[in-house]
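In the numbering used here, the protein residues as written are 5 to 227.
Built from N, CA and C at the ideal position, the CB exists for glycine as well.
Presented below is the structure to which this report refers.
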Ligand SMILES: [Fe+2]
Ligand SMILES: [Fe+2]
């Protein structure tokens, strides 16, 4: 495995997709901050880089590690994968999460008033942001790339990257508000489902942004 302490995390995630499981386990950002060296990311999280590299070696050696190398796939296949694996499910999942956040805030708001109301407003804003964002990718950027005109898409790509940062910040805030998605002992079923749903949203969105920021956009811009 050709990973050094100064290899950028986005490159590791691209070349060794299974490494993303290790990054997710430690809450390491590999999508928006993909250009940072793994030792720097470990340092900022108080993690031992040698131990993390061992975990990555183990994950990569796992015989069940069958995650695709999207840097080697045709761009149209990568875009189709992003649409079916991330965009389509999100369109169902975001309204479901908003509905649950609304319900938990209405029924249990008095137990954690500040947390649950900010959680609701963050979910509502993130839903609006992601829905608008996916619309722009689907109607403007992805068609440009599919027409072979990705090299001219510097402007739209910069906007998408900014929106990814903002979505990443909202997810980070949700992680803080939910106490790292640890379900409180008194939580009812909806509350529980909301916490699990938000944890899954974070994991999926990190993969989604990684595929766009670190693989699709640089390849498209390179023409
Ligand atoms: Fe997307
Ligand atoms: Fe995106």
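When rounded, the separation of the alpha-carbon atoms in residue 181 and residue 103 is 18 Å. Counting C-beta atoms within 10 angstroms of its own C-beta, residue 186 has fewer than 16 neighbours from the protein chains shown and is therefore classed as exposed. At least one heavy atom of ligand 2 is found less than 7 Å from the C-beta of residue 168. Taking the Cα of residue 152 as reference, the smallest distance to any Cα among 48, 221 and 91 is reached at 221.
Secondary structure note for residue 27: its alpha helix (DSSP H) is the uninterrupted segment 23-29.
Proximity of the beta carbon of residue 138 to ligand 1 is indicated: a heavy atom of the ligand is located closer than 7 Å.
The Cβ-Cβ distance between residue 216 and residue 164 falls below 8 Å. For residue 83, the CB stays at least 7 Å from every heavy atom of ligand 1.
Membership of residue 129 in the alpha helix (DSSP H) is indicated by the continuous run 117-140. Here residue 11 has 41 and 42 as same chain residues with Cβ atoms under 8 Å from its own Cβ, once five neighbours each way along the sequence are excluded. At a Cβ-Cβ threshold of 8 Å, residue 178 and residue 134 do not count as neighbours.
Per DSSP, residue 78 lies in no alpha helix (DSSP H) segment and is marked neither H nor E.
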